[in-house]
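What follows is one structure encoded as structure tokens, with my remarks underneath.
Protein chains in written order, with our numbering: chain B, 1 to 249; chain W, 1001 to 1249.
Dropping the structure here:
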């Protein structure tokens, strides 16, 4: 299988039934945020799931493997990254479940393009988007990494407009952002008829401010949100990855 | 001093330098929520503070005593309750700082009425409002108590419209709600140009969902919110009241 690997790439063991992901120094590494988000996603066996900005393919692969939905589409703007994710899918023998598409998320607004790509209304959409506003703090040192961290290629408004179009009525959207954008996110979700139904925060320790906010929103959902227990992400005992892999929401 | 007490009333010791509050079986008892909210309020010595729906006067009394602002107005719809709060203010010798006004919060929309009551723009507004929507769950068994718990006399939209008018530009608003109304609250605050700047939740224990959300919003504030550490409210060691009295935000 190692002919699936290129020179600057290596395999990372997800410590879950032998699942492995190709990682490259050229691209932003997936983080535990993605693993938490993948665990948060609730998806059934008849569901069609879209992972927007799939990157290494981590969320597409984890949700496909754990939940065996009908189909998972992973959308990735960067061609090389899409290719790498596609090879990770092959590596884990999930080609029947997952299709990686190399295109700009914003293009999915167009009904014509969705038709060409054979994309029907999604039951579930998930996105681990760039957290930081373009122009805030130092951009990452390579363009590849900046696209994953900063709103260079996609901002929150653009993302939510696409999600609203992709999702069927009653469908679920899962997303994570910097917690200091919580108010902006909640308000924009509601403006786009995506009603927050579950929300939780991560804190490094019991005494620290929250760092990330995770939201499940339902298209056309009724008002009223469940605020789940805060997730403490410190790793004093080194068992953090183990812990988040087994999260139940 | 006990001639300040009526038949069905008793004094409750706040365990803070001898501060006491008159409580009556006829009215909704103040809860620890009010004490937490009062501690959350940041108010300076030159500030004019308004406590909307002051009830027993607990928040007006605690903030006046602790922070010595220029002036505190406590607004209370129910005449008997306003009278009781006024006597609590006298009991604690805070008449110079606190004025209790018996009127409907909604009437404060009117510039004429504000002028008559000598109410100028507030630096800080605080409100421990009715949490529950009118018509949801069982109403409390007496009308007096229902007004404090259910949106019989004041709903969220009405409250925020008044707050927007009362507060000066850059002024701060402090409020607490059921956490399942977090999304609604945040979105409506933003609609009213009250930008959430600090937010935190209470949880009964580390494993339970949140119950309440506390928000500090700034009129005309810049987007971006700090999510403070979750506050665990269990009382295993019986030191909960002690703990919340000394909360620092």
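Note that the Cβ used here is the ideal one computed from N, Cα and C, for glycine as well.
Legend entry - For residue 1109/W, three-class secondary structure by DSSP: Taking the first residue of the second chain as 1, we reach residue 1109/W at position 109. It is helical.
Legend entry - Endpoints, the alpha helix (DSSP H) within which residue 49/B is located: By one-based count along the first chain, residue 49/B stands at place 49. Counting along the chain, residue 49/B falls outside any alpha helix (DSSP H), though it belongs to the beta strand (DSSP E) covering 48 to 52.
Legend entry - Segments assigned alpha helix (DSSP H), at least 4 residues, entirely inside the region 1063 to 1091 of chain W: Taking 4 residues as the shortest admissible run, the region 1063 to 1091 of chain W contains the following complete alpha helix (DSSP H) segments, listed from N- to C-terminal end: 1079 to 1091.
Inset, instruction - Taking only the alpha-carbon atoms, compute the straight-line gap between residue 1081/W and residue 1043/W and give it to the nearest angstrom. - result: For the purposes of this step, residue 1081/W is taken as the residue at position 81 of the second chain. For the purposes of this step, residue 1043/W is taken as the residue at position 43 of the second chain. When only Cα atoms are considered, residue 1081/W and residue 1043/W end up about 25 Å apart.
Inset, instruction - Would you please state the rounded distance, in angstroms, between the beta carbons of residue 1075/W and residue 1052/W? I believe it to be under 8 Å. - result: By 1-based counting over the second chain, the position of residue 1075/W is 75. By 1-based counting over the second chain, the position of residue 1052/W is 52. With 8 Å as the limit, residue 1075/W and residue 1052/W qualify as a contact, their Cβ atoms being about 5 Å apart.
Inset, instruction - Report yes if the C-beta distance between residue 104/B and residue 49/B is below 8 Å; otherwise report no. - result: The residue you call residue 104/B lines up with position 104 of the first chain. The residue you call residue 49/B lines up with position 49 of the first chain. In this structure, residue 49/B does not lie closer than 8 Å to residue 104/B by Cβ.
Inset, instruction - Determine which residues share a DSSP beta bridge with residue 45/B and list them. - result: Position 45 of the first chain, counted from the first residue, corresponds to residue 45/B. In the DSSP output, where bridge partners are listed per residue, residue 45/B has none listed.
Legend entry - Contacts around residue 1226/W, its chain only, beta-carbon distance under 6 Å, and the 5 residues preceding and following it disregarded: Indexing the second chain from 1 puts residue 1226/W at position 226. Excluding residues within five positions, the ones whose Cβ falls inside 6 Å are 1198.
Inset, instruction - Take residue 1062/W and list the residues in its own chain whose beta-carbon comes closer than 6 Å to its own, dropping the five residues that flank it on each side. - result: Translated into positions along the second chain, residue 1062/W becomes position 62. Excluding positions up to five away in sequence, the list reads 1038.
Inset, instruction - Would you kindly work out how many angstroms separate the C-alpha atoms of residue 98/B and residue 1219/W, rounded to a whole number? - result: Translated into positions along the first chain, residue 98/B becomes position 98. Translated into positions along the second chain, residue 1219/W becomes position 219. So the alpha carbons of these two residues sit roughly 47 Å apart.
Legend entry - With 16 other Cβ atoms within 10 Å as the buried cut-off, status of residue 1206/W: Taking the first residue of the second chain as position 1, residue 1206/W is located at position 206. Exposed, by the Cβ-count rule.
Inset, instruction - Could you tell me whether the region 1084 to 1091 of chain W touches the region 1109 to 1124 of chain W, using the rule of 3 or more Cβ pairs below 8 Å? - result: Not touching, per the Cβ criterion.
Legend entry - Where residue 186/B meets chain W, residues with beta-carbon distance less than 7 Å: Translated into positions along the first chain, residue 186/B becomes position 186. By Cβ distance, chain W contributes 1183, 1186 and 1187.
Inset, instruction - Measure the CB-CB distance between residue 212/B and residue 33/B and report whether it falls below 8 Å. - result: Against the first chain, residue 212/B aligns to sequence position 212. Against the first chain, residue 33/B aligns to sequence position 33. Yes; because the gap between Cβ atoms is below 8 Å, this pair is in contact.
Inset, instruction - Give the DSSP-derived three-state secondary structure of residue 1187/W in the structure shown. - result: Along the second chain, read from residue 1 onward, the residue named residue 1187/W stands at position 187. For residue 1187/W, the three-state secondary structure derived from DSSP is helix.
Legend entry - beta strand (DSSP E) segment containing residue 217/B, residue limits: For the purposes of this step, residue 217/B is taken as the residue at position 217 of the first chain. Here the beta strand (DSSP E) through residue 217/B covers 212 to 219.
Inset, instruction - Quick one: grab the DSSP three-state call for residue 1167/W. - result: The residue you call residue 1167/W lines up with position 167 of the second chain. Note: residue 1167/W maps to strand in three-state DSSP.
Inset, instruction - Find the residues of chain B that neighbour residue 1228/W, judging by a C-beta separation of less than 8 Å, and give them in chain order. - result: For this step, residue 1228/W is matched to residue 228 along the second chain. Those are 209 and 210, listed as they occur along chain B.
Inset, instruction - Determine the burial state of residue 154/B: buried for a count of at least 16 other Cβ atoms within 10 Å of its Cβ, exposed for fewer. - result: Here residue 154/B corresponds to residue number 154 of the first chain, with the count starting at 1. Label assigned to residue 154/B: buried.
Inset, instruction - Run the CB neighbour count on residue 195/B, radius 10 Å, all protein chains shown included, and call it buried at 16 or more, exposed below. - result: As a position in the first chain, residue 195/B is number 195, starting the count at 1. Classification for residue 195/B: buried.
Inset, instruction - Leaving out five residues on either side along the sequence, give the residues of the same chain with a beta carbon under 6 Å from the beta carbon of residue 1012/W. - result: In the second chain, counting from the first residue as 1, residue 1012/W sits at position 12. For residue 1012/W, where only same-chain residues beyond five positions count, the Cβ hits under 6 Å are 1021 and 1023.
Legend entry - Distance between beta carbons of residue 60/B and residue 72/B, contact taken as under 8 Å: On the first chain, position 72 is the one that residue 72/B refers to. On the first chain, position 60 is the one that residue 60/B refers to. The pair is a contact, with the Cβ atoms about 5 Å apart (cut-off 8 Å).
Inset, instruction - Could you tell me how far apart the beta carbons of residue 10/B and residue 45/B are, in whole angstroms, since I believe they sit closer than 8 Å? - result: Numbered from 1 along the first chain, position 10 holds the residue referred to as residue 10/B. Numbered from 1 along the first chain, position 45 holds the residue referred to as residue 45/B. At roughly 33 Å, the Cβ-Cβ gap does not stay under 8 Å, so residue 10/B and residue 45/B are not in contact.
Inset, instruction - State the beta-bridge partners of residue 973/W as determined by DSSP. - result: No answer is possible for residue 973/W: the residues shown for chain W start at 1001 and end at 1249.
Inset, instruction - Tell me, please, whether the CB atom of residue 1218/W is closer than 8 Å to any CB atom in chain B? - result: Translated into positions along the second chain, residue 1218/W becomes position 218. No, residue 1218/W lies away from the interface with chain B (no Cβ there is under 8 Å from its Cβ).
Inset, instruction - Using the Cα positions of residue 1180/W and residue 1231/W, report the straight-line distance between them to the nearest angstrom. - result: The residue labelled residue 1180/W in the question sits at position 180 within the second chain. The residue labelled residue 1231/W in the question sits at position 231 within the second chain. Going by C-alpha positions, residue 1180/W is about 16 Å away from residue 1231/W.
Legend entry - Burial state of residue 15/B, where buried means 16 or more other Cβ atoms lie within 10 Å: Within the first chain, numbered from 1, the residue matching residue 15/B stands at position 15. Looking at its Cβ environment, which holds fewer than 16 other Cβ atoms inside 10 Å, residue 15/B is exposed.
Legend entry - Contact list for residue 129/B against chain W, beta-carbon separation under 8 Å: Within the first chain, numbered from 1, the residue matching residue 129/B stands at position 129. Within chain W, no residue comes near residue 129/B; the closest Cβ sits about 17 Å away, beyond 8 Å.
Inset, instruction - Using a Cβ cut-off of 7 Å, pull out every chain B residue sitting near residue 1151/W, in sequence order please. - result: As a working mapping, residue 1151/W is identified with position 151 in the second chain. Those do not exist, as residue 1151/W stays about 14 Å from chain B at its closest Cβ, beyond 7 Å.
Inset, instruction - Look at the alpha carbon of residue 234/B and the alpha carbon of residue 1077/W, and state the distance between them as a whole number of angstroms. - result: Within the first chain, residue 234/B is the residue found at index 234, counting from 1. Within the second chain, residue 1077/W is the residue found at index 77, counting from 1. Their Cα atoms are separated by approximately 47 Å.
Inset, instruction - List the residues of chain B that residue 1225/W touches, going by C-beta distances under 9 Å, in chain order. - result: Position 225 of the second chain, counting from 1, holds the residue named residue 1225/W. Those are 179, 180, 181, 182, 183 and 184, listed as they occur along chain B.
Inset, instruction - Please report how far the alpha carbon of residue 1017/W lies from the alpha carbon of residue 1007/W, in whole angstroms. - result: Within the second chain, the letter at position 17 stands for residue 1017/W. Within the second chain, the letter at position 7 stands for residue 1007/W. Rounded to the nearest angstrom, the gap between the Cα atoms of residue 1017/W and residue 1007/W is 26 Å.
Legend entry - Sheet register partners of residue 1121/W (DSSP bridge): In the second chain, counting from the first residue as 1, residue 1121/W sits at position 121. BP columns for residue 1121/W are empty, so no partner.
Inset, instruction - Note down the Cα distance separating residue 1183/W from residue 1162/W, rounded to an integer number of angstroms. - result: Residue 1183/W sits at position 183 when you count from the first residue of the second chain. Residue 1162/W sits at position 162 when you count from the first residue of the second chain. Their backbone Cα atoms lie some 20 Å apart in a straight line.
Inset, instruction - Return the CA-CA distance between residue 1005/W and residue 128/B, expressed in angstroms with no decimal places. - result: Within the second chain, numbered from 1, the residue matching residue 1005/W stands at position 5. Within the first chain, numbered from 1, the residue matching residue 128/B stands at position 128. Near 60 Å, if we compare the C-alpha coordinates of residue 128/B and residue 1005/W.
Inset, instruction - Check whether the Cβ atoms of residue 192/B and residue 228/B sit closer than 8 Å, and answer yes or no. - result: Locating residue 192/B in the first chain gives position 192, counting from the first residue. Locating residue 228/B in the first chain gives position 228, counting from the first residue. Going by C-beta atoms, residue 192/B is not nearer than 8 Å to residue 228/B.
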